[in-house]
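Numbers given in our numbering equal positions in the first sequence, counted from 1, plus 826. Glycine included, each C-beta is placed from N, C-alpha and C at the ideal position. Note that the structure is predicted; figures quoted are calculated from it, not measured.
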Amino acid sequence: MKYWLFKSEPSEFSIEDLAALPDHTTAWTGVRNYQSRNLLRDQVRTDDELFFYHSSTDLKGLAGVCRIVRAAYPDPSALDKASPYFDPKSTPENPVWVAVDVELIRQFEAVVPLALLKQTKGLEKMMVCQQGSRLSIQPVTAREWRVALKLARG
DNA sequence: GCCAACGTTGGC
DNA sequence: GCCAACGTTGGC
């Protein structure tokens, strides 16, 4: 089993939004970066776990934990002309972009701030802690996962 | 809110 | 295939 960090801007879709859904499950769509796409398509598997990360907000950080409940499939938003994520390069025969389904396991009582992650021993090499870390889908090592989870418990 | 860094696109 | 222009994201 692998661990991941998925970024979402809370103004677009927050962990509160996910928690408000009756089944606590959503399709993770709209990834439009090839490096992130490749990870989603080739490495993210059912039952992998991920940190739901709030980006581009005053309270940047880890908001909770989710589980992959469906591995990569063609991203429907890329095929939907009405969607802001529509991409004419993507067709049903040749879907360029993929989505996965994620289920909320736990929302942290408080967001674990990025600044705290950066100060924490053992997380120096965590991708999200690196300067200018822009990937929206990031791998997390098992060790980083354990260390970061401890921070969430306070 | 501005600017720098980075990835992507388009023109040649 | 290169490179300039552009859009997006992150850092301050």
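Item to complete: Determine the closest residue to Arg896 out of Ala889, Leu888, Ala925 and Thr917, with distance taken between C-alpha atoms.
Response: Nearest to Arg896 by alpha-carbon distance, out of Ala889, Leu888, Ala925 and Thr917, is Ala925.
Item to complete: Identify the continuous alpha helix (DSSP H) that holds Ser834 and give its terminal residues.
Response: Run containing Ser834: none in the alpha helix (DSSP H); it sits in the beta strand (DSSP E), Tyr829 to Ser834.
Fill in: the region 933–951 contacting the region 917–924, beta-carbon criterion three pairs below 8 Å
Touching, no.
Worksheet item: What residues in its chain sit with their C-beta under 7 Å from that of Ala845, if we drop five residues either side in the sequence?
Response: Counting only Cβ-Cβ distances below 7 Å, and skipping sequence neighbours, we find Leu930 and Gln933.
Practice prompt. Tell me whether Glu838 sits in a helix, a strand or coil according to DSSP, three-state version.
Written response: If DSSP states are grouped into helix, strand and coil, Glu838 belongs with coil.
Discussion item. For Glu929, list the residues DSSP reports as bridge partners.
Written reply: Its beta-bridge partners are Thr851 and Arg893.
Discussion item. Closer than 8 Å is the cut-off here; do at least three beta carbon pairs connect the region 884–902 with the region 865–872?
Written reply: Enough Cβ pairs lie closer than 8 Å, so yes.
Item to complete: Find out if the Cβ-Cβ distance for the pair Asp927, Trp830 is shorter than 9 Å.
Response: Not in contact: Asp927 and Trp830 (Cβ atoms no closer than 9 Å).
Fill in: Beta-ladder partner(s) of Val973, from DSSP
BP columns for Val973 are empty, so no partner.
Worksheet item: Roughly how many angstroms lie between the CA atoms of Lys944 and Glu919, to the nearest whole one?
Response: Roughly 43 Å separates the two Cα atoms.
Worksheet item: For Ser916, which residues of its own chain have a beta-carbon under 8 Å away from its beta-carbon, when the five flanking residues on both sides are left out?
Response: Same-chain partners within the cutoff: Pro900, Asp901, Ala904, Leu905, Val922 and Trp923.
Worksheet entry | Whether Ile963 touches Phe878 by CB criterion (9 Å) | Going by C-beta atoms, Ile963 is not nearer than 9 Å to Phe878.
Worksheet item: Straight-line CA distance for Arg979 to Pro914?
Response: Going by the C-alpha atoms only, they are around 44 Å apart.
Worksheet item: By how many angstroms is the C-alpha of Arg969 removed from the C-alpha of Tyr860?
Response: Approximately 26 Å between the Cα atoms of the pair.
Item to complete: With DSSP as the reference, please indicate the residues paired to Gln964 in a beta bridge.
Response: Looking at the DSSP assignment, Gln964 forms a beta bridge with Leu831.
Worksheet item: In angstroms, rounded to a whole number, what distance separates the CA positions of Lys976 and Val966?
Response: The alpha-carbon atoms of Lys976 and Val966 are separated by roughly 15 Å.
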